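Peer 1: Residue numbers (this note's numbering): 40 to 125.
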């Protein structure tokens, strides 16, 4: 019985861990892209170390878990409008 309880302890710790809030990234259409755009909007995110300068983020085929990609279909995004990608 003691072994069974010890085996369940990690599961209880996971269940007690607070869930983080979902992240929504606002994307605004700039003036240089035309009156409106439609299609699939992709957001690439990558963890950077504190103090590091942000750079280009792209998918690394050798480390697919290093970049997170979120997408949303946008039917008609006009200049100045914001689409939330979550």
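Even for Gly, the Cβ is constructed at its ideal location relative to N, Cα and C. No experiment lies behind these values; they were computed from the predicted model shown.
Can you tell me whether residue 71 is helix, strand or coil according to DSSP?
Peer 2: Correct three-state label for residue 71: helix.
Peer 1: Thinking just about the alpha-carbon of each residue, which of 116, 93 and 78 is nearest to the one in residue 85?
Peer 2: Measuring from the Cα of residue 85, the nearest candidate turns out to be 93.
Peer 1: Quick check on residue 114: does DSSP put it in helix, strand or coil?
Peer 2: strand
Peer 1: Identify every residue that forms a DSSP beta bridge with residue 78.
Peer 2: 113
Peer 1: How many Å lie between residue 121 and residue 77 at the Cα?
Peer 2: 13 Å
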